[in-house]
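Visitor: To convert a position in the sequence shown, counted from 1, into this note's numbering, add 271.
Each residue gets a CB set at the ideal place from its N, CA and C atoms; glycine is no exception.
None of these values were measured; they are calculated from a predicted model.
Below you'll find the structure I mean.
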Amino acid sequence: MSVKPTWPCLASGAGVFPGARKIYVEGSDPSIRVPMREVATSAGPVTLYDTSGPYTDPGATIQPVRRPWLDARAGSGAVTQRQLARQGMVTAEMEFVAIRENLRAQETAAALRQHHPGQSWGAEIPEMVTPEFVRDEVARGRAIIPANINHPELEPMIIGRNFLVKINANIGNSSLSSSAGEELEKMIWAIRWGSDTVMDLSTGPDIHETRERILRNCPVPVGTVPIYQAVEKVERVEALTWETYRDTLVEQAEQGVDYVTIHAGLLREFIPLASRRLVGIVSRGGSILAKWCLANGRENFLYTHWDDICEILARYDVAVSIGDGLRAGCIADANDEAQFAELRVQGELTRRAWAHGVQVMNEGPGHVPLHLIKENVEKQLEWCGEAPFYTLGPLATDVAAGYDHINSAIGGALIAWYGVAMLCYVTPKEHLGLPDRDDVRDGVLAHKIAAHAADLAKGHPAAQIHDNAMSLARAEFQWDDQFHLALDPEKAARYHDETVPEHGATPFCSMCGPKFCAMRISKEVKEAGGRGKRDVKDIRDIKDV
C-alpha cells in the first residue's frame, strides 16, 4: 500500500485547507486510490478523512474512478454489494472503504495513537478494518456501501455501526428559490466541510437537470426521495399512481442515485394514531402518503408494491433508506405508538429487501428528549436486524429556532454513541427557511462534531488521533498546528488573530492573557518538576528555575 501526494488540498474550488495536502493511498490495484487529507504538525503528519472530491478547479466534471471495477464485474450476474458480499467476493469498493476507515492509523506516531477504550454499546469495532471485515458486515446487512452502478464518479464510503459515524447534508431547490447551479455549489460546499453523503430533495422546477448536474460532479453518495418528483409530475397528491412512481424511481436509478428514501412503512391503519398527536405528521413524504391513502381509500402503494420496488433497486444497486414518515415532530410526540408501529413495519420491509439483495438502512427520529433516545436505538436494532440506523438529529428540544443545528447535534452525538450509523444534518434555518451557504457549513460542522464525539465515546481506534494532535499543539502553543487541525481552520485562525495577530509561538491567547494563561503556567510547573526543583514555595518562583 503506497501513498501518493498530489496537489494542495483544494476543497472543491472553495479554497485551500492551510497546512494540509491531499494524498491518495493506493490499494492492491493502482485503480484503488483512496483520498485523504494529511496535516503537517510538529508532532508528525496526521491523516484526516476527506470527502472534498478530486477537484482541481470549480465546476470541473470529475473522473469516473469506478469505471474499471464496474467493467470488470459486468456480466457476472450479481450486481449489488450485498449480493457480491454474500457470494464471498471482496469488491474494489470494499477494499476502498477499508483503507479509508483506517486513516493510516498504524502509520501514525505511537503517542498519537493512544485512545480510551470507550463504551460501544454492543458494537464490534475492530482495531484494524480489513476488506474481509467490510465484506462480512455488508453480507450480514449491518453495513451498506451506497454505490449505484450508474454513479462511476463515486469515491466509495460505508455506513454501519462498526465504522466511523457519517453525516448527510440535505440540498435541493424548491418552488420558491434556488437553481440547479446554486444547488451544485451547495453540494460542493457541503462536501468541502465534510459531508459524507448529500440528499437532493428538490421539489421545484428542473428536478432532473438539478440532479444530473449534482451526480456528474459528486464524489459522495447521492440520495433522493423519489415521491417528491413523482408528485410534481401529477401536480395533485390524490392523482399519484404506482406507475408514475415506478417510472420516476427508474429514471433516478438510471441517472445514478445511490440511495432512496421510501416511506413504505406508513400503513393506512397508522394514520389515526398520528391524528392524536400535538403536531401530527411532519415528514413531507409521510404527509403525502397519508393524504393519498385517505383520498383513495387504499393501502400505501409503496407497501403493496414493495417487492416490485426492490427488484428495481437491485437492478442498479440503489440502497434503500426506509423512511420514517411518522417520526415525531415535537418533544410531546416522541416515542409514541405511531412512530414505533411504523418502525416495526420497517423491520419487515428490511428483511424482504435483503431477500432481493438490496442494501438497507432505516430512518429514525426526529424530535426526542435525551432520556428517550436510547430506546429508539434498542428497538431499531431488535426489530430491524441491526441494519444501519440513519436519524434526523434527533432534536433534543423544540425551542431552539435559529440554533437547531446545535440542538440536533446534541441529540445526534448521543444517539450515534448508542449505535446510529449516520446523522442527517440540520441547519440553523430548520423550521424557518431554505439554507444558504453559511447555513450549510454550520450544519455540516455541528454534525461533524457530533459524529466525532460519538466515535470517541465508542472507542474507534483512529478517532482520538486527531484530538491527541490538537492537544499537543495546544500544550506547545503551536498555533498554526491548532488552526490546521481545526474542523474550520479559517474561523479558528480568524478568531485568534482578531486579538493576538502575531500568533507565532505566543504562549497565551486573549482569553487569559500572558499573566493568567493556565497552559503557560502548567508548562512552567512541569519544567520545574523535571529539573528537580523541590523547594518551590510559590508559583512565582518557577520563573527563576
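Kindly give me the distance between the Cβ atoms of G298 and I370, rounded to whole angstroms, as I take these residues to be in contact under 8 Å.
Guide: Looking up residue 298 in the sequence shown gives position 27. Looking up residue 370 in the sequence shown gives position 99. Contact flag correct, Cβ pair sits at about 6 Å.
Visitor: Is P301 closer than 8 Å to E309 when the C-beta atoms are compared?
Guide: Along the sequence shown, read from residue 1 onward, the residue named residue 309 stands at position 38. Along the sequence shown, read from residue 1 onward, the residue named residue 301 stands at position 30. Contact: no.
Visitor: Suppose the cutoff is 7 Å on Cβ atoms and the five residues either side in sequence are ignored; what does the same chain contact list for A612 look like?
Guide: What you label residue 612 is simply residue 341 of the sequence shown in a count that begins at 1. Hits under 7 Å: F541 and L544.
Visitor: When the Cβ atoms of the stretch 581-591 are set against those of the stretch 629-639, are three or more pairs found closer than 8 Å?
Guide: Because the criterion of three Cβ pairs below 8 Å is met, the stretch 581-591 and the stretch 629-639 touch.
Visitor: Identify every residue that forms a DSSP beta bridge with K293.
Guide: The residue given as residue 293 occupies position 22 in the sequence shown. DSSP output for K293 lists R308 as bridge partner(s).
Visitor: Taking the alpha-carbon of M693 as reference, which of P659, P699 and M790 has the nearest alpha-carbon?
Guide: To locate residue 693, count along the sequence shown from 1; it is residue 422. Among P659, P699 and M790, the Cα nearest to that of M693 is on P659.
Visitor: Between the stretch 395-405 and the stretch 748-756, are three or more C-beta pairs nearer than 8 Å?
Guide: No: the two stretches stay apart, fewer than three of their Cβ pairs being nearer than 8 Å.
Visitor: Output yes or no for whether 8 Å exceeds the beta carbon distance between S592 and E634.
Guide: Counting from one through the sequence shown, the residue named residue 592 turns up at place 321. Counting from one through the sequence shown, the residue named residue 634 turns up at place 363. It is a contact, given that the beta carbons lie within the stated cut-off.
Visitor: May I ask you to list the residues that DSSP assigns as paired with C581?
Guide: By one-based count along the sequence shown, residue 581 stands at place 310. Its beta-bridge partners do not exist; DSSP assigns none.
Visitor: Is the Cβ-Cβ distance between H534 and L565 less than 8 Å?
Guide: The residue labelled residue 534 in the question sits at position 263 within the sequence shown. The residue labelled residue 565 in the question sits at position 294 within the sequence shown. In this structure, L565 does not lie closer than 8 Å to H534 by Cβ.
Visitor: Are the CB atoms of G690 and A461 within a distance shorter than 8 Å?
Guide: Taking the first residue of the sequence shown as position 1, residue 461 is located at position 190. Taking the first residue of the sequence shown as position 1, residue 690 is located at position 419. Their beta carbons are not under 8 Å apart, which means A461 does not touch G690 by this criterion.
Visitor: Considering only C-alpha positions, which residue in the set G465, D738 and W654 is nearest to T312?
Guide: In the sequence shown, the residue the question calls residue 312 occupies position 41. Selected option, being the one with the closest Cα: D738.
Visitor: Would you report the Cα separation of G556 and A609, rounded to the nearest angstrom?
Guide: Start at 1 with the first residue of the sequence shown, and residue 556 comes out as number 285. Start at 1 with the first residue of the sequence shown, and residue 609 comes out as number 338. Their backbone Cα atoms lie some 15 Å apart in a straight line.
Visitor: Here's the rule I'm using: 16 or more other beta-carbon atoms within 10 Å means buried, otherwise exposed. How should V336 be labelled?
Guide: In the sequence shown, residue 336 corresponds to position 65, counting from 1. Counting Cβ neighbours within 10 Å, V336 comes out buried, since at least 16 surround it.
Visitor: How is the alpha helix (DSSP H) around M470 delimited, first residue to last?
Guide: Within the sequence shown, residue 470 is the residue found at index 199, counting from 1. No alpha helix (DSSP H) contains M470, which is instead part of the beta strand (DSSP E) from T468 to D471.
Visitor: What is the rounded straight-line gap between the Cα of G596 and the Cα of Q617?
Guide: As a first step, residue 596 must be located in the sequence shown, where it is residue number 325. As a first step, residue 617 must be located in the sequence shown, where it is residue number 346. Rounded to the nearest angstrom, the two C-alpha atoms are 11 Å apart.
Visitor: Starting from F660 and walking both ways along the beta strand (DSSP E), at which residues does that stretch end?
Guide: Numbered from its first residue, the sequence shown carries residue 660 at position 389. Counting along the chain, the beta strand (DSSP E) containing F660 begins and ends at F660 to L663.
Visitor: Would you kindly work out how many angstroms separate the C-alpha atoms of D471 and I478, rounded to a whole number?
Guide: Looking up residue 471 in the sequence shown gives position 200. Looking up residue 478 in the sequence shown gives position 207. Approximately 9 Å, taken between the alpha carbons.
Visitor: With a CB to CB cut of under 8 Å and the five nearest residues on each side skipped, what residues in its chain are close to Q334?
Guide: The sequence position of residue 334 within the sequence shown is 63, counting from 1. Taken in chain order, the residues that qualify are P325 and E424.
Visitor: So E525 is in the alpha helix (DSSP H); what residue range does that whole segment cover?
Guide: Counting from 1 along the sequence shown, the entry for residue 525 is found at position 254. Note, E525: alpha helix (DSSP H), W513 to Q526.
Visitor: Taking 7 Å as the limit between beta carbons, can you name the residues of its chain near R712, skipping five residues before and five after?
Guide: Start at 1 with the first residue of the sequence shown, and residue 712 comes out as number 441. Result list for R712: W460 and W464, in chain order.
Visitor: Checking 8 Å against the spacing of the C-beta atoms, do Q390 and A728 come in under that value?
Guide: To locate residue 390, count along the sequence shown from 1; it is residue 119. To locate residue 728, count along the sequence shown from 1; it is residue 457. Yes, they are a contact pair.
Visitor: Going by alpha carbons, who is nearest to I686 out of Y661, H702 and V697?
Guide: Here residue 686 is taken as the residue at index 415 of the sequence shown, counted from 1. When each option's Cα is compared against that of I686, the closest is Y661.
Visitor: Comparing alpha-carbon positions, which option in Q358, H642 and V531 lies nearest A590?
Guide: Locating residue 590 in the sequence shown gives position 319, where the first residue counts as 1. If we check each option's Cα against that of A590, V531 comes out closest.
Visitor: For L549, which residues from the same chain have a beta carbon less than 8 Å from its beta carbon, with the 5 sequence-adjacent residues on both sides left out?
Guide: Residue numbering aside, residue 549 sits at position 278 when the sequence shown is read from its first letter. Same-chain partners within the cutoff: C601, A603 and D604.
Visitor: Is the CB-CB distance between A725 and A684 below 8 Å?
Guide: Indexing the sequence shown from 1 puts residue 725 at position 454. Indexing the sequence shown from 1 puts residue 684 at position 413. Yes, Cβ-Cβ distance for A725 and A684 is below 8 Å.
Visitor: Suppose only complete runs of 4+ residues qualify. What are the alpha helix (DSSP H) ranges in the stretch 726-754, listed by chain order?
Guide: Counting whole runs of 4 or more residues, the stretch 726-754 contains the alpha helix (DSSP H) stretches 734-746.
Visitor: What did DSSP end up calling E403 once you bin it into helix, strand or coil?
Guide: Along the sequence shown, one-based indexing puts residue 403 at 132. Helix, per DSSP.
Visitor: Compute the distance between the beta-carbons of V508 and W563, then report whether it is under 8 Å.
Guide: Taking the first residue of the sequence shown as position 1, residue 508 is located at position 237. Taking the first residue of the sequence shown as position 1, residue 563 is located at position 292. Their beta carbons are under 8 Å apart, which means V508 touches W563 by this criterion.
Visitor: With a 10 Å radius around its C-beta and 16 neighbouring C-beta atoms as the bar for buried, classify C783 as buried or exposed.
Guide: As a working mapping, residue 783 is identified with position 512 in the sequence shown. It is exposed - the Cβ of C783 has fewer than 16 other Cβ atoms within 10 Å.
Visitor: What is the C-beta distance between P732 and E398, in whole angstroms, given that I count them as a contact (C-beta under 8 Å)?
Guide: Sequence index remark: in the sequence shown, residue 732 carries index 461 (1-based). Sequence index remark: in the sequence shown, residue 398 carries index 127 (1-based). Confirmed, about 5 Å.
Visitor: Would DSSP call F288 helix, strand or coil?
Guide: What you label residue 288 is simply residue 17 of the sequence shown in a count that begins at 1. In the structure shown, F288 sits in a strand (DSSP, three-state: E or B).
Visitor: What are the boundary residues of the alpha helix (DSSP H) that I370 is part of?
Guide: As a position in the sequence shown, residue 370 is number 99, starting the count at 1. Looking at the DSSP string, the run of the alpha helix (DSSP H) that includes I370 is A363 to N373.
Visitor: With a CB to CB cut of under 6 Å and the five nearest residues on each side skipped, what residues in its chain are close to A763?
Guide: Counting from 1 along the sequence shown, the entry for residue 763 is found at position 492. Once the five neighbours on either side are set aside, the close Cβ partners of A763 are F754 and A757.
Visitor: In angstroms with no decimal places, state the Cα-to-Cα distance between A414 and P636.
Guide: Counting from 1 along the sequence shown, the entry for residue 414 is found at position 143. Counting from 1 along the sequence shown, the entry for residue 636 is found at position 365. Computed Cα separation, rounded: 20 Å.
Visitor: What are the residues that DSSP puts in a beta bridge with E634?
Guide: Here residue 634 refers to the residue found at position 363 when the sequence shown is read from its first residue. Per DSSP, Y661.
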